[in-house]
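Numbering (our numbering), first residue to last: 451 to 526.
Structure representation (structure tokens):
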């Protein structure tokens, strides 16, 4: 999910979804069989995914046996 120059969310190559205001995100990765959504009970000031959200995404992919490659994409 490319969010502009120098910013991205690290997910699988086939993943698609959308970030929301305050750092929320929802996406699906058909190749991994993964659907992921994250919302907070207190809205952050940014519009990009924060470190906490990315660490939860990372944990979900690791639990499915994925690893990151050089460009920062989760691969099996």
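Backbone N, C-alpha and C fix where the C-beta goes; we use that ideal spot for every residue, glycine too.
Here DSSP, grouped into helix, strand and coil, assigns residue 484 to strand. Apart from the 5 residues on each side of it in sequence, residue 472 sits with its Cβ closer than 6 Å to the Cβ of 493 and 494 in its chain, given in chain order. Sixteen is the threshold: since fewer than 16 other Cβ atoms of the shown chains lie within 10 Å of the Cβ of residue 509, the residue is exposed. In the DSSP assignment, residue 471 falls outside any beta strand (DSSP E), carrying neither H nor E. 9 Å or more divides the Cβ of residue 478 from the Cβ of residue 470.
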